[in-house]
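Worksheet for the structure shown next.
Residue numbers (my numbering): 1 to 199.
Now the structure itself:
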């Protein structure tokens with residue numbers, strides 16, 4: 001699937017941090033981009049059982065609602081010692097107020113109960129691009145690392161303050177956003193997306 005020249009794109013997310021990261025990744029391509037919230041599109045219920053299924057649901061809903069190409073992202077943190085949780089429920093663990101300090105505290109408590117000091121974890125991102133007619137293609141990226149407590153840094157969002165990638169000593173919330181854009185799970189998924197769709 002190729003994005004037609006001059007096509008506009010809606011980012012199928014109401015998460016400001018996520019929209020900001022996707023806009024930064026799309027900026028070099030000169031594509032006109034709008035957020036789903038900007039267009040007043042509703043958030044579909046995420047009933048999928050995988051990152052890909054949820055990304056497809058969101059992309060298709062925004063594409064059909066806006067009659068535009070839509071790019072959706074479903075991403076989250078999967079902790080090995082917690083059988084991959086919070087996984088697709090990463091945002092829901094933060095509660096209705098999207099307070100990720102609650103979610104990070106929950107992870108810390110669960111790991112303490114299991115006696116796990118340095119938990120292996122990965123961030124997963126699945127991007128789904130839908131045509132205005134609802135045809136969808138997906139692209140998935142991952143970055144592996146471990147968790148550290150207490151949370152550190154103020155530059156990221158979500159679980160960034162506890163995640164340290166394998167080759168680093170700083171959390172994702174401590175590094176420069178431009179550096180994160182270059183190495184993150186979202187960047188890896190976006191690299192596959194840009195080669196297939198924009199290349």
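Backbone N, C-alpha and C fix where the C-beta goes; we use that ideal spot for every residue, glycine too.
- Counting the other Cβ atoms within 10 Å of the Cβ of residue 22 gives 16 or more, which makes it buried.
- The Cβ atoms of residue 79 and residue 121 lie closer than 7 Å to each other.
- Contiguous alpha helix (DSSP H) elements confined to the segment 51-132 occur at 51-66, 100-114, taking only those with 4 or more residues.
- For residue 11, the uninterrupted beta strand (DSSP E) run begins and ends at 9-11, by DSSP.
- If you draw a 10 Å sphere on the C-beta of residue 92, you find fewer than 16 other C-beta atoms in it, and that means exposed.
- Here residue 102 is exposed. Its C-beta has fewer than 16 other C-beta atoms within 10 Å.
- Spanning the alpha carbons of residue 125 and residue 186 requires a straight line of approximately 5 Å.
- Within the model, the alpha-carbon separation for residue 169 versus residue 64 is close to 43 Å.
- A check of alpha carbon separations from residue 69 across 178, 83, 130 identifies 130 as the nearest.
- With fewer than 16 other beta carbons inside 10 angstroms of its own, residue 83 counts as exposed.
- Here residue 87 has 76, 78 as same chain residues with Cβ atoms under 6 Å from its own Cβ, once five neighbours each way along the sequence are excluded.
- For residue 21, the enclosing alpha helix (DSSP H) stretches over residues 16-26.
- Per the coordinates, the alpha-carbon of residue 134 lies some 11 Å from the alpha-carbon of residue 128.
- Excluding five sequence positions before and after residue 59, the CB atoms of its chain that fall closer than 8 Å to its own CB belong to 12, 70, 71, 72, 128, 129, 130, 136, given in chain order.
- DSSP places residue 191 inside the alpha helix (DSSP H), whose first and last residues are 185-193.
- Taking 8 Å as the upper bound for CB-CB distance, residue 146 and residue 188 are not in contact here, some 18 Å apart.
- Annotated three-state conformation of residue 2 is coil, per DSSP.
- For residue 34 and residue 116, the gap between their C-alpha atoms comes out near 42 Å.
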